[in-house]
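The structure under discussion appears below in the form of structure tokens.
In the numbering used here, the protein residues as written are 469 to 868.
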């Protein structure tokens, strides 16, 4: 059952996602005004649709708009262009009891030297996190260290050429180097989910890393996109494997990030879509996954990556009902920087483990990430209105 309020740890009062004073405690009046302007603009579909081509054209012909972007949308949703530039954001989140997940968000690269450089950058995020409670988890994408079309060929089970075999070995070695560094540094690392037509290869790679590094504790996490109708079953199957082989399953639970692309490709290529038939089915399976993980907490460490208030409430209630410590090391809530602060900071204030994804990288390279986020968010019914409503309420409370 979902309650209107969740009883928190002694001395913490109750958990309310309506408390804007806690949600925006670490936001200045300037921050709040910028957020109001941004979410008002994102709420206009014209801005979201026309923003990418206009911005890309302006940067291509050399118009000086980088400073404007960096001072507005980049500043709100990203930590900086480098790890060092993220320090202020890390400190600010930590002051509110929220951890940072440094997310190197450079996308669409396709060269071996870039893959090597990306691997080194991810290792630097692990080094930054080592011994610092403010950065409790790290993350990377396999397509950051390997060619998309190579992973696609592996998923189709088409035999690789000798050159491709060597290339695939390099990809595996990069992933191994990242996970080994995470293990040595005692820093958990999550492997992000990607498109369905490369995901099987990623899943196998992630499970092999868990076999190697998750014997004593959860270091490597795989991501389960529950908007796929087969992923609740995959979670349960992987749990059985972990029990049988004696390692802890690391799982990040998300609803998903590629729905429109997935459905469009399935229709174009004439195969059944793996996406759930409706949101209700996704919500049902997501909450069932939360329940399954809590029921098997000794063997599963999980991150609930969600902006859904009902799912956050459910998980908070489950932990209370089962008398699980709010700061149990096997349970984390996670949201994106610049969004759902009413969830992140109120959960943290109630003593739960919470960490924000903090994207970073050169402004031009991170733009695809920013525009994709804006497009995804407008597709979520009510999300922007909810964000705006909370910001407006806090502005009124402050009298600004």
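We put the beta carbon where it would ideally sit given N, CA and C, even for glycine. Only a predicted model underlies this, so the values are computations on that prediction, with no experimental measurement involved.
| Check | Outcome |
| --- | --- |
| Where does residue 600 land, buried or exposed, given buried means 16+ other C-beta within 10 angstroms? | exposed |
| Between the C-alpha atoms of residue 511 and residue 853, what's the straight-line distance to the nearest angstrom? | 8 angstroms |
| For the beta strand (DSSP E) that contains residue 490, what are its first and last residues? | Taken as a continuous stretch (DSSP letters only), residue 490 belongs to no beta strand (DSSP E), being part of the alpha helix (DSSP H) at 488-491. |
| CB-CB under 8 angstroms to residue 776, same chain, minus the five flanking residues each way: which ones, in chain order? | 723, 751 and 754 |
| I need the straight-line Cα distance from residue 813 to residue 565, nearest angstrom please. | 7 angstroms |
| Please name the residue, chosen from 500, 650 and 727, that lies closest to residue 695 on a Cα-to-Cα basis. | 727 |
| Taking residue 647 as the reference, which of 623, 677 and 860 has the closest Cα? | 677 |
| If you draw a straight line from the C-alpha of residue 489 to the C-alpha of residue 701, how long is it? | 40 angstroms |
| Are the beta-carbon atoms belonging to residue 828 and residue 548 less than 7 angstroms from one another? | yes |
| Quick check: what's the CA-CA separation for residue 496 versus residue 569? | 22 angstroms |
| Throw me the rounded Cβ distance for the residue 803 and residue 832 pair, which I believe falls under 8 angstroms. | That belief does not hold up - the Cβ atoms of residue 803 and residue 832 are roughly 26 angstroms apart, past 8 angstroms. |
| In terms of residue numbering, what span does the alpha helix (DSSP H) encompassing residue 494 cover? | Element bounds for residue 494: n/a, residue is neither H nor E. |
| Note down the Cα distance separating residue 615 from residue 867, rounded to an integer number of angstroms. | 52 angstroms |
| Quick one: what's residue 606 bridged to in DSSP? | 570 and 657 |
| Can you pull the DSSP bridge partners for residue 717? | 768 |
| Should the region 761-778 be called in touch with the region 726-742, which here means at least 3 C-beta pairs below 8 angstroms? | no |
| Under 8 angstroms, with one C-beta from each stretch per pair, do the region 550-558 and the region 573-588 reach the 3-pair mark? | no |
| Could you give the C-beta distance for residue 613 and residue 649, rounded to a whole number, given that I count them as a contact under 8 angstroms? | With 8 angstroms as the limit, residue 613 and residue 649 do not qualify as a contact, their Cβ atoms being about 13 angstroms apart. |
| Quick one: Cα of residue 740 to Cα of residue 528, how far? | 39 angstroms |
| Which same chain residues end up closer than 7 angstroms to residue 707 when comparing Cβ atoms and leaving out the 5 residues on each side of it in sequence? | 717, 764, 767 and 768 |
| My understanding is that residue 742 touches residue 796, with C-beta atoms under 8 angstroms, so please give their C-beta distance in whole angstroms. | Not a contact, Cβ separation roughly 32 angstroms. |
| Are residue 654 and residue 609 close, meaning C-beta to C-beta below 7 angstroms? | no |
| Using the C-alpha atoms, what's the distance from residue 504 back to residue 538? | 17 angstroms |
| Per DSSP, residue 690 forms a beta bridge with which residues? | 659 and 719 |
| Buried or exposed for residue 691, please, with buried defined as at least 16 other CB atoms from any protein chain shown within 10 angstroms of its CB. | buried |
| Mapping the DSSP letters down to three states, classify residue 611 as helix, strand or coil. | helix |
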